[in-house]
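Novice: Residue numbers (our numbering), protein chains in the order written: chain A, 67 to 322; chain B, 43 to 299.
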Ligand SMILES: Nc1ncnc2c1ncn2[C@@H]1O[C@H](COP(=O)(O)OP(=O)(O)OP(=O)(O)O)[C@@H](O)[C@H]1O
Ligand SMILES: [Mg+2]
């Protein structure tokens, strides 16, 4: 935990960002790249202000966050219990493993035509795609975590008479919780990538739609502004999820 | 549950076990009498932990029969504490059957005093040293009602003083609430001070190569003649021949881990 930290260490990433922005600005200033191919930092800042004042940016952020949250919650609520269950039933697991892997490797974006066909437009197709993107990784990692629980925990559970539901909630689940949290962070990352791509079709708002719309209007400054927002929001959400690793009863899983 | 206490039993009949090609236990017959404290000694890797697992039912023998009755608790050799629970929560597992929270609290406090870990109630196992964890395991296993205790080198990671103290405390607890105990150790002094009966196991595949009844009264001091004789016998059985110009304690050091 206690890696030796310099008191200036928080300044390092800021310095890196500053250097990148300066390089970017210099490229634009010297016109090394034509203006229509790379907007300058100032243009982006201007369009940021514009989008913020018009209320469109906030609206798009809320739309995207809403879809991701709903899709992610549905897939966590179904995927984690499925993984817990499969992890304990070797035969069923063996039967389902190939098909679960098959779907995991199938990019959710391949489902876009069906998503639109089945769910029309609006939130539903996007949520469906998010579900497909995160459900399979969550099931598979939960299942693997359960299969790797040291046998001694189940011996102890038997000694102290934990059975059935209690065994599941008081032994199996806490034993895999650290890995589940890690799996959630990873699949949240996938979800955030997928939502942006999914919103480029079949949506009238959202951050992905914003980029698509900006491209169509040849407003690259707006597109970059949206890209920056997407990146920052992704990081913030991961930061939020990473707070779960600080829960006292999961810390053991990260400290060896 | 209460009826079982009067007829707890632990019997191995012709038990053999192997892990694949590795024959670990061969035709073992052991009957542990009710309330008896049996100590198992034997070379490392001979199958003592396996034997305890067979007794508790965590593994099934390849052949033979295991009869057990009564509530069995094990003090595990390696980490058996739940890392997601605090020290008190782990120990409270052993007090699960007590419904009255006031009594539970009282017992918990006493156990903390016994293992000298007062102040560490809310620590997690990964925040403790090996010896501290071992003491928590001990407290969890002896908490509440159980009929049979299987103890796998429960004091091996402790300093000498704590070992002596816990040895005494164990005997005191057993006097207060008799239990059937199977105790594994590499410490011959510990074996002789605790045991009603000592079983010396051979190298793998393990069989009982000799058996030693110890009748001396508790507390048994180390200069008690029957204690000295017993220790010498064990050393001989383990192939560490005692000669007159070396005293027992030196051999003892050789055989403890
Ligand atoms: N799950 C297992 N799979 C395969 N082999 C095993 C397994 N458990 C134990 N063994 C083997 O069985 C033998 C006996 O192991 P066991 O743990 O019972 O020894 P032990 O007498 O308790 O040793 P120690 O005194 O070092 O604790 C060892 O050779 C070990 O390699
Ligand atoms: Mg062992």
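Note that the Cβ used here is the ideal one computed from N, Cα and C, for glycine as well. None of these values were measured; they are calculated from a predicted model.
Per DSSP, what kind of secondary structure is residue 109(B) in: helix, strand or coil?
Specialist: The answer is strand: DSSP assigns residue 109(B) an E or B state.
Novice: Would you tell me roughly how many angstroms separate the C-alpha atoms of residue 161(B) and residue 139(A), rounded to the nearest one?
Specialist: Residue 161(B) and residue 139(A): Cα-Cα distance of roughly 40 Å.
Novice: Taking residue 110(B) as the reference, which of 197(B), 73(B), 205(B) and 266(B) has the closest Cα?
Specialist: Among 197(B), 73(B), 205(B) and 266(B), the Cα nearest to that of residue 110(B) is on 73(B).
Novice: Going by DSSP, what residue range makes up the alpha helix (DSSP H) through residue 301(A)?
Specialist: Its alpha helix (DSSP H) spans residues 286–308.
Novice: Answer with yes or no whether the minimum CB distance from residue 10(B) to chain A is below 8 Å.
Specialist: The requested residue 10(B) does not occur in the structure, where chain B is confined to residues 43 to 299.
Novice: Using a Cβ distance threshold of 8 Å, determine whether the stretch 208–228 of chain B contacts the stretch 62–70 of chain B, with at least three qualifying pairs required.
Specialist: At 8 Å Cβ cutoff, the stretches do not touch.
Novice: Which one of 80(B), 174(B), 92(B) and 163(B) has the shortest CA to CA distance from residue 213(B)?
Specialist: Of 80(B), 174(B), 92(B) and 163(B), the residue nearest in Cα terms is 80(B).
Novice: Residues bridged to residue 108(A) by DSSP?
Specialist: Beta-bridge pairing links residue 108(A) to no other residue.
Novice: What does residue 168(B) touch in chain A if you count any residue whose Cβ is under 9 Å from its own?
Specialist: What residue 168(B) touches in chain A: 317, 318, 321 and 322.
Novice: Classify residue 94(A) as helix, strand or coil using the three-state DSSP reduction.
Specialist: Of the three classes helix, strand and coil, the one that applies to residue 94(A) here is helix, per DSSP.
Novice: Of all Cβ atoms in chain B, is any one closer than 8 Å to the Cβ of residue 241(A)?
Specialist: Chain B, which has a Cβ nearer than 8 Å to the Cβ of residue 241(A), makes this yes.
Novice: Would you say the beta carbon of residue 217(A) comes nearer than 7 Å to a heavy atom of ligand 2?
Specialist: Residue 217(A): no, Cβ never under 7 Å from ligand 2.
Novice: Would residue 84(A) be called buried (16 or more neighbouring beta carbons within 10 Å of its own) or exposed?
Specialist: Classification for residue 84(A): exposed.
Novice: Do the stretch 200–211 of chain A and the stretch 247–259 of chain A make contact, defined as three or more Cβ pairs closer than 8 Å?
Specialist: Yes: the two stretches touch, three or more of their Cβ pairs being nearer than 8 Å.
Novice: Straight-line CA distance for residue 175(B) to residue 119(B)?
Specialist: Going by the C-alpha atoms only, they are around 11 Å apart.
Novice: Shorter than 7 Å, the distance from the beta carbon of residue 194(B) to the closest heavy atom of ligand 2, or not?
Specialist: Because some heavy atom of ligand 2 lies under 7 Å away, the Cβ of residue 194(B) counts as near it: yes.
Novice: Just to make sure I have the definition right: I need the residues of chain B whose C-beta is within less than 7 Å of the C-beta of residue 191(A). Which are they?
Specialist: Within 7 Å Cβ-Cβ: nothing; residue 191(A) doesn't reach chain B, min ~39 Å.
Novice: For ligand 3, is there any heavy atom lying closer than 7 Å to the beta carbon of residue 87(B)?
Specialist: Ligands in the displayed structure: ligand 1 and ligand 2; ligand 3 is not one of them.
Novice: Candidates 229(B), 184(B) and 201(B): which alpha carbon is nearest residue 211(B)'s?
Specialist: Comparing Cα-Cα distances from residue 211(B) to each of 229(B), 184(B) and 201(B), the minimum goes to 184(B).
Novice: To the nearest angstrom, report how far apart residue 105(A) and residue 112(A) are at their CA atoms.
Specialist: Going from the Cα of residue 105(A) to the Cα of residue 112(A) covers about 11 Å.
Novice: Ligand 1 heavy atoms versus the CB of residue 102(B): any closer than 7 Å?
Specialist: Checking the Cβ of residue 102(B) against ligand 1 gives no.
Novice: Going along chain B in order, which residues have a C-beta closer than 7 Å to the C-beta of residue 146(A)?
Specialist: Per Cβ cutoff of 7 Å: no residues; residue 146(A) is ~16 Å from chain B at best.
Novice: Can you find a heavy atom of ligand 1 that lies under 7 Å from the Cβ of residue 64(B)?
Specialist: Correct: residue 64(B) has its Cβ closer than 7 Å to ligand 1.
Novice: Please classify residue 68(A): does DSSP put it in a helix, a strand, or coil?
Specialist: Reliability fails at residue 68(A), whose pLDDT of 48 lies under 50, so the model's placement of it is uncertain and no value is given.
Novice: Does the Cβ of residue 143(A) have 16 or more other Cβ atoms within 10 Å, making it buried, or fewer, making it exposed?
Specialist: Label assigned to residue 143(A): exposed.
Novice: Is there a Cβ from chain A that is less than 8 Å from the Cβ of residue 157(B)?
Specialist: No, residue 157(B) lies away from the interface with chain A (no Cβ there is under 8 Å from its Cβ).
Novice: Does ligand 2 have even one heavy atom less than 7 Å from the beta-carbon of residue 68(B)?
Specialist: Incorrect: residue 68(B) has no Cβ contact closer than 7 Å to ligand 2.
Novice: Cβ-heavy atom distance between residue 90(B) and ligand 1 below 7 Å?
Specialist: Yes, the beta carbon of residue 90(B) sits closer than 7 Å to at least one heavy atom of ligand 1.
Novice: What is the DSSP secondary structure of residue 164(B), counted as helix, strand or coil?
Specialist: Of the three classes helix, strand and coil, the one that applies to residue 164(B) here is coil, per DSSP.
Novice: Helix, strand or coil: how does DSSP classify residue 246(B) here?
Specialist: Three-state DSSP puts residue 246(B) in coil, outside helix and strand.
Novice: Please state whether DSSP places residue 66(B) in a helix, a strand or coil.
Specialist: Looking at residue 66(B) - three-state DSSP - the assignment turns out to be strand.
Novice: If you draw a straight line from the C-alpha of residue 50(B) to the C-alpha of residue 169(B), how long is it?
Specialist: Cα to Cα, residue 50(B) sits roughly 37 Å from residue 169(B).
Novice: Please list the partners that residue 135(B) has in chain A, where partner means a Cβ-to-Cβ separation under 7 Å.
Specialist: Near residue 135(B) (Cβ distances below 7 Å), the residues of chain A are 226.
Novice: Please work out which residues of its chain come closer than 8 Å, Cβ to Cβ, to residue 293(A), disregarding the five sequence neighbours upstream and downstream, and give them in chain order.
Specialist: So the qualifying residues of the chain are 277.
Novice: What separation, rounded to the nearest whole angstrom, lies between the Cα atoms of residue 289(A) and residue 165(A)?
Specialist: Going from the Cα of residue 289(A) to the Cα of residue 165(A) covers about 38 Å.
Novice: Please indicate yes or no: does the CB of residue 119(B) lie closer than 7 Å to some heavy atom of ligand 2?
Specialist: Result yes, Cβ under 7 Å from ligand 2.
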